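According to our numbering, the sequence shown is numbered sequentially starting from 1.
Idealized CB from N, CA, C, for every residue including glycine.
Just so you know, these numbers come straight off a predicted model, no measurement behind them.
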Amino acid sequence: MVKKKLVVIGGGAAGFFCAVNAARLNPHLQVVLLEKTSKLLGKVKVSGGGRCNVTHACFSIADMIRKYPRGSSFLKKAFHHFFTTDTIAWFNERGIHLKTESDGRMFPESNSSQSIIDCLLFEADKYQVEILMNANVKSVHKTTAGFELMLSNKNILADYICIASGGYSKPEQFDWIRDTGHSIEIPVPSLFTFNIPKNSITDLMGISLENVTVKIAGMKLQESGPLLITHWGLSGPAVLKLSAWGARELALKNYDFKISVNWLPIYNEISLREKMQKLRFEMAAKKINNRNPFLLPARLWEYFLRLAGIDTEVRWADLPAKEQNKLIKILCSQEFEVKGKTTFKEEFVTAGGINLNEIDVNTMQSKIIPGLYFAGEILDIDGITGGFNFQNAWTTGWIAARGIVKNV
1 MVKKKLVVIG
11 GGAAGFFCAV
21 NAARLNPHLQ
31 VVLLEKTSKL
41 LGKVKVSGGG
51 RCNVTHACFS
61 IADMIRKYPR
71 GSSFLKKAFH
81 HFFTTDTIAW
91 FNERGIHLKT
101 ESDGRMFPES
111 NSSQSIIDCL
121 LFEADKYQVE
131 ILMNANVKSV
141 HKTTAGFELM
151 LSNKNILADY
161 ICIASGGYSK
171 PEQFDWIRDT
181 GHSIEIPVPS
191 LFTFNIPKNS
201 ITDLMGISLE
211 NVTVKIAGMK
221 LQESGPLLIT
231 HWGLSGPAVL
241 KLSAWGAREL
251 ALKNYDFKIS
261 VNWLPIYNEI
271 SLREKMQKLR
281 FEMAAKKINN
291 RNPFLLPARL
301 WEYFLRLAGI
311 DTEVRWADLP
321 AKEQNKLIKI
331 LCSQEFEVKG
341 KTTFKEEFVT
351 AGGINLNEID
361 VNTMQSKIIP
371 GLYFAGEILD
381 IDGITGGFNF
391 QNAWTTGWIA
401 ARGIVKNV
């Protein structure tokens, strides 16, 4: 019996998940995985600071799809085939137990991404997936017998192909896929930090806060969550989530826009003014610099006082109304001018990719070319930070594997 051959293009999370599951579900299928670099599972390795944020502890499809700025309607259907619970069970069955952190992110109990990498490599070896490194695909052609893939140094024939090559940052990188007849949603960066050049707040690099609210001026976008001050501007989950939702609009602005930050989201200007009035009595004799009633980092509190023009030696009872009002304004809606972005190199995510109208959500097969499948970030799907992009990879990779096997 001549084995049918599946070639998976891309050695990342989606590619591996498709390859190992297809090989497992049909032992008579020859599976070859192509990786264009010399490194497998690169994003898995660096995700979550090297711990791998496998998925998110969200068990409602309706809630889960709200975490995807693009592709939510497509995933609403896809998640019925393979969801968070299935991801947890899949790794659990292979001895990889996941733990949930307070913010919902899920990591392997080992706290090491190597656990996930080793698991996927073990599965590939167990089911005899052939892995070819430094195999850069130049073109894919449909033939009467299947497909022909042109690599840098040779050609490969296949009966089925799954393209799981990850997101591309430049439109021309999609040319070899566009040549198959598929249309591409132009890629723009997602999950990036905000550069705030020549602003004194960058002197406070390294300070982090558990919860702030960031708004983009002139847009209805705002996000809350942890924030990190860096030497170039602002980062952390609140900023990254905001960048994902505003990816296309901010690209059109050439990353030149204004934001406002509420450093104390439990207050607005009215309620904070009421709180300040109470503090003037409760801590009347205390120096304003010595007693920080909002539990803000000391250096940050001193920075706010300086911005408001408040003498650090002044007592709460003697705080002038004008300076108090200025401090309230800063704490509730400090404005910054963003000029540019900084992206995470290894964890780079793009908004854009294969038009989802051209993909069968139940199989991940192309509606244009039978036998051609897609999985992962190459699709026009992207999520906010927190394990959502990996869940897209596991889901679409698994559906593609099952779809291919059913087609054999």
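Note down, in chain order, each residue of its chain lying with its Cβ closer than 7 Å to the Cβ of residue i, except the 5 sequence neighbours on either side.
| i | result |
| --- | --- |
| D380 | R70, G71, E185, G352, G353, I354, N355, L356 |
| A217 | F257, K258, I259, S260 |
| N26 | V405, V408 |
| R299 | L204, I207 |
| M219 | G246, E249 |
Give the single residue among the options whose Cα lies nearest to the Cα of residue i.
| i | options | result |
| --- | --- | --- |
| Y127 | T85, V32, T100, K45 | V32 |
| N53 | L121, L25, I88 | I88 |
| L151 | N325, V7, I163, V137 | V137 |
| V20 | F82, F122, S113 | F122 |
| A321 | E358, Q365, V349, E274 | E274 |
| I177 | S139, K220, K286, E282 | S139 |
| Y373 | V361, L120, A400 | A400 |
| A14 | G386, G383, I378 | I378 |
| L305 | L295, W316, N289 | N289 |
| Q324 | E101, A285, D103, E269 | E269 |
| L295 | A308, D175, E93, I266 | I266 |
| F17 | D86, G49, L75 | D86 |
| G49 | L40, G386, A57 | G386 |
| G12 | A22, V44, R24 | V44 |
| L279 | Y303, A317, P297, Q173 | A317 |
| S102 | S200, G225, P187, G42 | G225 |
| F91 | S115, H80, K76 | S115 |
Which same chain residues, not among the five before or five after residue i, have their C-beta less than 8 Å away from its C-beta?
| i | result |
| --- | --- |
| K99 | M106, F107, P108, E109 |
| H409 | This structure cannot speak to residue 409, because the chain is shown only from 1 to 408. |
| L272 | L264, I328, L331, C332 |
| P197 | W232, G233, K339, G340 |
Short check: CB of residue i to CB of residue j, under 8 Å?
| i | j | result |
| --- | --- | --- |
| T202 | I369 | no |
| P189 | S169 | yes |
| Q30 | K4 | yes |
| I117 | A124 | no |
| L227 | L252 | no |
| A135 | T395 | no |
| S113 | S38 | no |
| V212 | A238 | yes |
| W398 | F82 | yes |
| I9 | I161 | yes |
| G167 | V7 | no |
| E223 | L242 | yes |
| A57 | G95 | no |
Can you look up residue i in the DSSP assignment and give me helix, strand or coil?
| i | result |
| --- | --- |
| G403 | helix |
| N357 | helix |
| M106 | strand |
| R70 | strand |
| L264 | coil |
| C332 | helix |
| F91 | helix |
| K5 | strand |
| T37 | coil |
| R291 | coil |
| S208 | strand |
| V140 | strand |
| L84 | The question names Leu, yet the displayed sequence has Thr at residue 84. T84 falls in the helix class under three-state DSSP. |
| K99 | strand |
| K215 | strand |
| V239 | helix |
| G352 | strand |
| E269 | helix |
| E313 | coil |
| D175 | helix |
| V20 | helix |
| F194 | strand |
| L372 | strand |
| N53 | coil |
| D159 | coil |
Closer than 6 Å by C-beta to residue i: which residues in its own chain qualify, once you throw out the five before and the five after it? Chain order, please.
| i | result |
| --- | --- |
| S183 | N355 |
| T363 | G403 |
| G146 | A158, D159 |
| W301 | N292 |
| K142 | I369 |
| P409 | Any question about residue 409 goes unanswered here, given that the chain covers just 1 to 408. |
| L40 | G11 |
The ligand ATP and residue i: does the residue's C-beta get closer than 7 Å to at least one heavy atom of that ligand?
| i | result |
| --- | --- |
| E302 | You won't find the ligand ATP in this model; it holds no ligand whatsoever. |
| query | Does the count of Cβ pairs from the stretch 222-236 and the stretch 178-195 closer than 8 Å reach three? | reply | yes
| For the stretch 256-265 against the stretch 329-337, are there 3 or more C-beta pairs whose distance is under 8 Å? | yes
| At least three beta-carbon pairs within less than 8 Å, the stretch 397-405 to the stretch 45-62 | no
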